[in-house]
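Visitor:
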């Protein structure tokens, strides 16, 4: 391979140029980035059905948004609402929900032919308890009283006024709002608030439409008089805010990491050459990974990019390992130095590739993307290091080399001096005790709500909307999957008293589903019989006589009502959201506090399941945390194969000892702080293993004479890794922090223990 | 939905007297009391439904409408909603949010009491005839085609106070209200009256 290295270098250059051209073309067309966490979910057969339904519901909800426009002056508020409506409609980015008086009228007209089958819950209960007289009394009061129910046409078909009672008890989704001249409004806090609700046309998690929509809303808001307040709720705003704050934090941590790395490398080599070369190697690696991913998947998830870049960044180890060979007192030519470090970095590459390839086995589409990205990226970086570095390297041995080497060797020396060595083992024993303590206290934390940090000001706006309007859109549901509509509606009716009870206990604030609007046929039959037997038979004649009502239409409103009629009428548009298919319905829940209490309360209702997408996602993260741990274990075992080939079985196991110790110690120490171990900690461990094996391999490859150079190289490796990943421990996003903290501890431990592998000697030659 | 519509109109109309005469509207501390006779002419009914009783209007608080004959029904309407009691039991309690018309009309009313009649003129064409000693107002909705407007015409006649109101609904039904023994006082509301007003529309 190194007989004619220049040919390989040129061949690789051609490939890189081709790849760069492809990437340029893609970037010009706009690389499709995705940002939603839920699209990372696996296609697990057992969960697929539920996942599909959850996905559909969350999709629908995530497209929705609510704006509440308020001003002390009603006319100003209305003008602002009109401006929003016009601009949003004209932009074609969203469709707004119609809210005119016609909606209520249409609902009334739709129900009228079926009124004999409809009863409010309270009236049903009263009639079953034989309190028909109180209903007759109420009707008289309403007819004589000043309130204007007494419409002659209605009285002719509904002399007991059961129908208005049914209509007014229908659960309203926005219970605090009233229709004021075509606008849903509420008076509160000395202001008139007008609600605009709508649905986004494009994916709220795709960066581009997200930015366009939120910018448009900001622009319209800025164009309103200063007194106008605008409150926002909806996934799109949170996603945008998250992306923005993520970007700003990333740029702070990124700047620190970049500056630190520049200072470190330039300070160590007293030249910019190694820094530039290593940046080039990582850039080529990222480009390779990105290009391969786009070729295979046609899109890239932002999480793939983040983890992929991180995993590819391991290649810096190989580049720095080569660059640090310039400190070698023998100072051979660049190609001779490459030949010398090649076995070490090649083994490092091999073991790391094993670790990454294992990710392909994960039943987790995003992890597969990450694996493809990092495997190809790592190979790209490696080829760049192996063939380009010696070609372009013009470095001379720096003046301060001896001092640096002496200092770096100190980290190895502690393992060699007999007295210090004993201290080391005592320290190790102490660490082991700490680890045991940590292991015994280890807890897990997969709560997805804690993984992302939501913008506090948006949360406040959302809470305001909930307070002022009654709700801001729900993400929690009960799923009814009963086979037939009739059975599903009956389950919904069985849920009603339970949910009302929970609402009284404060476990949820409100709930509504198809059965509230369309009673089951069985319930309709019951209602007709109940009215005939408990109301009409004993009281109707007296009631009509008392009113002097002679023209009645006793046979009107007899037709039974079916769910299909309701869906097709268009009078109840929200039903479409709740009816997923024949026999599949959802009940939407507002302000659910305790999912467990709800689950327990509804467990005896047939065909019913509580869906809590965030909770389910947390559960899934737990499953993947578990699986990822097994995969790490498996890859550690597989790494034994190349290591045993090179160092013998015993030697291979000793080389694996430092990284495995880091794997166990890092999470144990984190557990001591009380932090629960999450999926993202485990993602960090994947890197700790890959990088830890590199360090140990470099030490094992080193003969006694090269120990100081090797140790210096590993020291520089570690410092750059900590700068790029360890800093993430200070992120405010829990997922990122978890990943960073694991790296910080794991890499430090893997570095400190790496010299243990130094006693091992290669048995076979490479290249 | 027409809940509370008549009630709100009564409020508007009763206070409308002040406007017709061009004198000051009821102030927030004024309380108007009197008796009423209400006749509902409904299609399909042998005879009009006649009820009578007393009323109380406190501009800042709301309206209490107490029918005594043919049986006792108390209707209370406030900014928060509408409640009806009969035989000591609440037979109806509607928060304003459930009766969208009420909120809007109540706002019109508050405006009217403050001397701002533009809201009423926005929805109705107002024709005045007669003199201050005996005047008549004819209100016709500006958007007769609007299906949500259940009123065809309102005729109000009065002198110092409103004396007779005829509300003709678009369906042909007619309510005729006659007001008697009216007086304005500044005495505070009794505790019972305050309780009634407080309870309307509360869950």
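Protein chains in written order, with the working numbering: chain A, 1408 to 2174; chain B, 48 to 250. Ideal Cβ placement from N, Cα and C applies to all residues, glycine included. What you are looking at is a predicted structure, and each value in this text was computed from that prediction instead of being measured.
(1) Taking the DSSP output, what are the residues bridged to residue 1638 (chain A)?
(2) Have a look at the DSSP bridge pairing and note the partners of residue 1631 (chain A).
(3) Show which residues of chain B have a CB atom less than 9 Å away from the CB atom of residue 1538 (chain A).
(4) In the DSSP assignment, the alpha helix (DSSP H) including residue 2024 (chain A) goes from what residue to what residue?
(5) So is residue 2081 (chain A) buried or exposed if we call it buried at 16+ other beta carbons inside 10 Å?
(6) Sort A:1515, A:2055, A:1613, A:1431 by Cα distance to residue 1466 (chain A) and report the nearest one.
(7) Does chain A have any CB closer than 8 Å to the CB of residue 23 (chain B)?
(8) Let's see if you can read the secondary structure: which residues bound the alpha helix (DSSP H) around residue 1962 (chain A)?
(9) Return the first residue and the last residue of the alpha helix (DSSP H) that residue 2168 (chain A) is part of.
(10) In chain B, which residues lie with their C-beta within 8 Å of the C-beta of residue 1549 (chain A)?
(11) Can you tell me where the alpha helix (DSSP H) with residue 1412 (chain A) in it begins and where it stops?
(12) By a C-beta neighbour count over all protein chains shown, 10 Å radius and 16 as the cutoff for buried, is residue 1981 (chain A) buried or exposed?
(13) Count the other CB atoms, across all protein chains shown, that sit within 10 Å of the CB of residue 1740 (chain A); report buried if there are 16 or more and exposed otherwise.
(14) Would you give the residue range spanned by the beta strand (DSSP E) that residue 187 (chain B) belongs to?
(15) Does any C-beta atom of chain B lie closer than 8 Å to the C-beta of residue 1575 (chain A)?
(16) Tell me whether residue 1993 (chain A) sits in a helix, a strand or coil according to DSSP, three-state version.
(17) Roughly how many whole angstroms lie between the Cα atoms of residue 1680 (chain A) and residue 1802 (chain A)?
(18) If we count the other Cβ atoms within 10 Å of its Cβ and call it buried at 16 or more, is residue 1432 (chain A) buried or exposed?
(19) Rounded to the nearest angstrom, how far is the Cβ of residue 224 (chain B) from that of residue 123 (chain B), given a contact under 8 Å?
(20) Just to make sure I have the definition right: I need the residues of chain A whose C-beta is within less than 9 Å of the C-beta of residue 91 (chain B). Which are they?
(21) Does the pairing of the region 1727-1737 of chain A with the region 2109-2117 of chain A give three or more beta-carbon distances under 8 Å?
(22) Counting only Cβ-Cβ distances shorter than 9 Å, please list the residues of the region 1472-1492 of chain A near chain B, keeping chain order.
(23) Using the C-alpha atoms, what's the distance from residue 1499 (chain A) back to residue 1452 (chain A)?
(24) Specify the secondary structure class of residue 1491 (chain A) as computed by DSSP and reduced to three states.
(25) Excluding five sequence neighbours on each side, which residues of the same chain lie with their C-beta closer than 7 Å to the C-beta of residue 98 (chain B)?
(26) Using a Cβ-Cβ distance under 8 Å, would residue 94 (chain B) count as near chain A?
(27) By Cβ distance below 8 Å, which residues in the same chain neighbour residue 1842 (chain A) in space, the five residues on each side in sequence not counted?
(28) Taking only beta-carbon positions, decide if residue 220 (chain B) is within less than 8 Å of chain A.
(29) Find the nearest neighbour of residue 1701 (chain A) within the set A:1744, A:1418, A:1783, A:1997, judged by alpha-carbon distance.
(30) Which whole-angstrom value is the C-beta distance of residue 1846 (chain A) and residue 2078 (chain A), which I expect to be below 8 Å?
(31) Checking contacts by CB at 8 Å: is residue 1531 (chain A) closer than that to chain B?
(32) Answer yes or no: do residue 92 (chain B) and residue 1955 (chain A) have a C-beta to C-beta separation smaller than 8 Å?
(33) Using 8 Å as the cut-off, can you tell me whether the region 2130-2138 of chain A makes contact with the region 2159-2166 of chain A, which would need three or more C-beta pairs spanning the two stretches below that distance?
(34) For residue 2175 (chain A), does the count of other Cβ atoms within 10 angstroms reach 16, so buried, or fall short, so exposed?
(35) Which residues of chain A have a Cβ atom closer than 9 Å to the Cβ of residue 117 (chain B), listed in chain order?
(36) Candidates B:247, B:232, B:221, B:228: which alpha carbon is nearest residue 94 (chain B)'s?
Guide: Short version:
(1) A:1475
(2) DSSP lists no bridge partner for residue 1631 (chain A).
(3) Those do not exist, as residue 1538 (chain A) stays about 11 Å from chain B at its closest Cβ, beyond 9 Å.
(4) Here the alpha helix (DSSP H) through residue 2024 (chain A) covers 2020-2079.
(5) So residue 2081 (chain A) ends up on the exposed side.
(6) A:1613
(7) The structure shown does not extend to residue 23 (chain B), since chain B is modelled only from 48 through 250, so no value can be given for it.
(8) No alpha helix (DSSP H) contains residue 1962 (chain A), which DSSP labels as neither H nor E.
(9) Counting along the chain, residue 2168 (chain A) falls outside any alpha helix (DSSP H), and DSSP gives it neither H nor E.
(10) 131, 138, 139
(11) 1412-1436
(12) exposed
(13) When all chains shown are included, residue 1740 (chain A) counts as exposed.
(14) 181-188
(15) yes
(16) strand
(17) 7 Å
(18) Residue 1432 (chain A) comes out exposed.
(19) Incorrect: roughly 17 Å between the Cβ atoms, too far for contact.
(20) 1559, 1560, 1562, 1563, 1956, 1957, 1958, 1959
(21) yes
(22) Of all residues in the region 1472-1492 of chain A, 1481 have a Cβ within less than 9 Å of some Cβ in chain B.
(23) For residue 1452 (chain A), the predicted model reports a pLDDT of 49, less than 50, meaning its position is unreliable; a value from the coordinates is still stated below. Using only the alpha carbons, I get a separation of about 38 Å.
(24) helix
(25) 85, 114, 116, 117
(26) yes
(27) Listed in chain order, the non-local C-beta contacts of residue 1842 (chain A) below 8 Å within the same chain comprise 2071, 2072, 2075, 2076, local neighbours out to five positions each way being set aside.
(28) A Cβ of chain A is located within less than 8 Å of the beta carbon of residue 220 (chain B).
(29) A:1783
(30) 7 Å
(31) Not an interface residue.
(32) yes
(33) They do not touch, by the three-pair rule.
(34) It is not possible to answer for residue 2175 (chain A), since the shown part of chain A is limited to 1408 through 2174.
(35) 1547, 1551, 1953
(36) B:221
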